[in-house]
Amino acid sequence: MDWIGICLKDAAALGLDVNLQATDKAKALLGNQRHKAANIPAMPWLEVPAFYNSLNGGTLTELALRLLILTAVRSGPLRFLHEDQLGGNVWTIPGDTLKGQKDATSDFRVQLSQEAMLEYPHRVFQFEC
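Those letters in the sequence shown? Residues 0 to 128, per numbering that gives the first Met the number 0, in order.
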């Protein structure tokens, strides 16, 4: 409902004929909702090394997950990783693949560890997608 309210406010700001009370009316008609937002539980940090070592890197998914653990980037930039984003020991993630306002997010640079730099990005590009 909150997103709908934001969209309606934006539409009103653009001069469109919208009812800004639509979300409040919908909430009143629908009544209380049982859904409660909950965070997705994370793996305890003490278990991460064993999990990392269990990924032998034999598949593209395992390589990607290992690189995700080594760099702590979001999954989107990792899924859209291109070879030309890698230069030396730095991964430059274009701003348009980052979470943030469109055309307002600048490029982000990730310093690659020796393990990440030597092995994973180069092996990832050996797979055909």
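Note that beta-carbon positions come from the ideal geometry of N, C-alpha and C, so glycine has one too.
Next on the checklist: According to DSSP, is Phe79 part of a helix, a strand, or is it coil?
Outcome noted: DSSP places Phe79 in coil when its eight states are reduced to three.
Checklist entry - Since Thr60 is in the alpha helix (DSSP H), which residue starts that stretch and which ends it? => result Counted as a single uninterrupted DSSP element, the alpha helix (DSSP H) harbouring Thr60 occupies residues 59 to 70.
Checklist entry - Are the beta-carbon atoms belonging to Ala25 and Val17 less than 8 Å from one another? => result Cβ atoms of Ala25 and Val17: not closer than 8 Å.
Checklist entry - Taking the alpha-carbon positions, what's the Arg73 to Ala115 distance? => result Going from the Cα of Arg73 to the Cα of Ala115 covers about 16 Å.
Next on the checklist: I'd like to confirm the pairing. Which residues does DSSP put opposite Thr96 in its beta bridges?
Outcome noted: Partner residues in a beta bridge of Thr96, as assigned by DSSP, do not exist.
Next on the checklist: Checking 8 Å against the spacing of the C-beta atoms, do Thr96 and Gly75 come in under that value?
Outcome noted: In this structure, Gly75 lies closer than 8 Å to Thr96 by Cβ.
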